[in-house]
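Remarks on the structure that follows.
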Amino acid sequence: MGFFAADGPLPEANPGQFFMLGVKNCGDDPLLKRPFCYFRKRGNTLEILYRIVGKMTSIMKGLRPGDEVEILGPLGNVYPVEEVFFECKKTEKTEKTKKTKNPLVIAGGTGIASVYPLLEGLPGRAFLFYGGRSKKDVLLSRELRAVSKKFIPATDDGSLGFKGTSVDAARDFLNGRAPDDFVLYACGPNGMLKAASALGVQGYIASEEKMACGIGVCLGCAVRTKDGYKRACKDGPVFKTGELLFD
Amino acid sequence: MVDRGNKNKKLEVRIGGLKLKNPVMTASGTAGYGAELAEFFDLSKLGAIVLKGISLVPWQGNPAPRITETRCGMINSIGLQNVGLDAFLREKLPFARQWDVPVIANILGTSATEYTRLASALEDAGVEGIELNVSCPNVKEGGIAFGLNLKSFAGLIRAVRKKVKNPVLIVKLSPGAPSIEEFSRAAEAEGADAISLINSIPAMAIDVNTRRPLIKNVIGGLSGPAIKPIAVRMVYQASKSVKTIPIIGMGGIITGEDAVEFMLAGATAVAVGTATFMDPMAALKVVEGIGSWMERQGIKSASHITGAMLSDIRRK
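Those protein sequences? They're chains B and Z, same order as listed. Sequential numbering from 1 applies to the first sequence in the working numbering. Sequential numbering from 1001 applies to the second sequence in the working numbering.
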């Protein structure tokens, strides 16, 4: 994984949103832009976090300062934070209880890029569970510790933090705690999202799908929901827990 | 007549009874029902908007993954996901009609009756054009049977033409049609006002590391610049085969010069599809690109480009 920074007049993006990024002068190969989560903005520089997986990301790695890229966005919806910031009203019977929830954030792989700006916007509030295969796959430890209330890394091989997945770590943490005290924010591979949805904590999960257009016209990034297929790019990428159906 | 030097007038073309401000349309299935692209530019700057195909009842589409990129192209298997006729008439069409641009609906069905019911309802709703999709490669009920069999193809057009008077009737040919020439002639003979081509070309791609197909349905439709030379050839063949009806050419158009190439081969108008996925403003850029090509070449009317390929090869 690496950082990628772009300068220029950039519109304000919010946590959960993404940009379509394309490289120039590549002779139609790669043809389409690729979606990348909004990671963070530093001054007038947009930063994204990416893993080198194919042709586009390899080209991105080879770009030099001053090379031009095309950026479309920000696109998609955002992580709602009402439950964290505002008092949440329950209208069961006539009794109204007011309650603020703690953000429970789970990330896998490059999914950390998606929840990072959320953590920055909720400084010292979130319980963060983020993992990878091994110690070297867990990025940004210092920054993440600084912006979270509690950061519990998880690694498959146990080389750092909890031995197991980030969802396992979260499940372990929730043992003996009331799920209703938390609101879930999760981003990562589908298997992780499925496991996170099964924790019993209500909240939001962001899907990562291949996209062609990013603006809602191609219907290529369809995700299965309880109301039929929806577009990850336009109806998402953030969905309520229970809305997405997993295989 | 006084030439006001109106750039728009120079770009005007006709498709049947429809006057288009310029030769550029959206390709069906690449512009939704208009709303998303309208966030990026004024749709009235296009020649026409062709909407996502609709069927009598909603179709949910194919399972994911539905798309994969290949060299200079992409394969899709969306499966004609659409909201169905009722929701289209109630929600989508009124929205699409708010711009000063002709709206062309794309329809698909499993039987001639379904097509005629759709066409009648759309005529009643006042659409300016109807494109018969008989060429979607991704859904076997999506009319491809009509696109590959000359007899049922001709029968379908005849049935729809009988029902529909006002809207311009466009038939979208399959690149898999056994003979582009015969199908083009049949479309004209049965009363089509225009032919559009090409739809995407059946194709597939495999991830050699996992040995799995890259899209769930295994086979999808290839689009983008990779198919352009094939599309230009088919447009050329179609235009040579018809007597008078215009051809709408598409397949990998990204720039104004790509569009001009289709027009030189015989297209009166063009549609921009996959390029819109690369850049939401693509169709608008194609309009501008045609304009600047005409300026450079000193061509006064877009209609003069149609079929204007010079057939002798001049060697230096």
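Idealized CB from N, CA, C, for every residue including glycine.
query	result
If you drop the 5 nearest sequence neighbours on each side, which residues of the same chain put their C-beta closer than 6 Å to that of residue 232/B?	207, 209, 221 and 223
Checking contacts by CB at 7 Å: is residue 1277/Z closer than that to chain D?	In the structure shown, chain D does not exist; the protein chains are B and Z.
Quick test of your reading: residue 1061/Z and residue 219/B, contact by CB under 8 Å. State the CB separation rounded to the nearest angstrom.	7 Å
Output yes if chain B places a C-beta closer than 7 Å to the C-beta of residue 1280/Z; else output no.	yes
Kindly identify the DSSP beta-bridge partner or partners of residue 1207/Z.	1212/Z
Quick one: which chain B residues come within Cβ less than 9 Å of residue 1210/Z?	Neighbours of residue 1210/Z on chain B: none; closest Cβ ~13 Å, over 9 Å.
Within the chosen definition, does the segment 1085 to 1099 of chain Z reach the segment 1032 to 1043 of chain Z through at least 3 CB pairs nearer than 8 Å?	yes
With distances taken from CA atoms, which of 1315/Z, 1313/Z, 1290/Z and 1310/Z is nearest residue 1047/Z?	1290/Z
Suppose the cutoff is 7 Å on Cβ atoms and the five residues either side in sequence are ignored; what does the same chain contact list for residue 22/B look like?	33, 69 and 70
Hey, would you say residue 1164/Z sits closer than 7 Å to residue 1016/Z, going by beta carbons?	no
In terms of residue numbering, what span does the beta strand (DSSP E) encompassing residue 1026/Z cover?	1024 to 1026
Start and end of the beta strand (DSSP E) containing residue 34/B?	34 to 37
Contact criterion: CB-CB distance below 7 Å. Does residue 1189/Z meet it with respect to chain B?	no
Can you pull the chain Z neighbours of residue 28/B, defined as C-beta to C-beta under 7 Å?	1072 and 1225
How many whole angstroms separate the CB atoms of residue 133/B and residue 156/B, which I take to be in contact at a CB cut-off of 8 Å?	5 Å
When you check each C-beta in the segment 1080 to 1095 of chain Z against every C-beta of chain B, which residues fall closer than 7 Å?	1081
Quick one: what's got a C-beta closer than 6 Å to residue 201/B's C-beta in the same chain, skipping five residues either side?	104, 179, 182 and 184
Of the residues 1056/Z, 1282/Z, 1069/Z and 1208/Z, which one's Cα is nearest the Cα of residue 1085/Z?	1056/Z
Just how far apart, CA to CA, sit residue 188/B and residue 51/B?	13 Å
State yes or no: is the C-beta of residue 116/B within less than 7 Å of the C-beta of residue 238/B?	no
Please give me, in chain order, every unbroken run of the alpha helix (DSSP H) with length at least 4 that falls completely inside the segment 1167 to 1201 of chain Z.	1180 to 1189
Beta-carbon separation of residue 1192/Z and residue 1144/Z under 7 Å?	no
Could you tell me if residue 1189/Z is buried or exposed, where buried requires 16 or more neighbouring beta carbons within 10 angstroms of its beta carbon?	exposed
For residue 137/B, is the classification buried or exposed, using 16 other Cβ atoms within 10 angstroms of its Cβ as the cut-off for buried?	buried
So, for residue 1146/Z: in the same chain, excluding its five sequence neighbours on each side, which residues have a beta-carbon less than 6 Å away from its beta-carbon?	1134, 1152, 1153 and 1156
Taking DSSP as the reference, what is the three-state secondary structure of residue 1158/Z?	helix
What residues of chain Z sit near residue 230/B, judged by a beta carbon separation below 7 Å?	Under the 7 Å cutoff, chain Z gives no residues; its nearest Cβ is about 10 Å from residue 230/B.
Sort out for me which residues DSSP pairs residue 60/B with in a bridge.	Partner(s): none; residue 60/B has no beta bridge.
Measure the C-alpha to C-alpha separation of residue 88/B and residue 146/B and round it to an integer number of angstroms.	Any answer about residue 88/B is weak, because its pLDDT of 46 lies below 50 and its placement is not dependable; what the coordinates show is given next. Approximately 27 Å between the Cα atoms of the pair.
Distance cutoff 7 Å, beta carbons only. Does residue 1180/Z sit that close to anything in chain B?	no
Please determine, among 1243/Z, 1217/Z and 1303/Z, the residue with the shortest C-alpha to C-alpha distance to residue 1068/Z.	1217/Z
Provide the residue span of the beta strand (DSSP E) that contains residue 254/B, from first to last.	As displayed, chain B neither begins before 1 nor continues past 247, which places residue 254/B out of reach and without an answer.
Could you give the C-beta distance for residue 1231/Z and residue 1250/Z, rounded to a whole number, given that I count them as a contact under 8 Å?	7 Å
What are the residues of the segment 203 to 215 of chain B that lie near chain Z, defined by any Cβ-Cβ distance shorter than 9 Å?	209, 210, 211, 212, 213, 214 and 215
Which term fits residue 1279/Z, buried or exposed, when burial requires 16 or more other beta carbons within 10 angstroms of its beta carbon?	buried
Less than 6 Å separating the Cβ of residue 1169/Z from some heavy atom of the ligand SAH?	As far as ligands go, the structure on display features none, and thus does not contain the ligand SAH.
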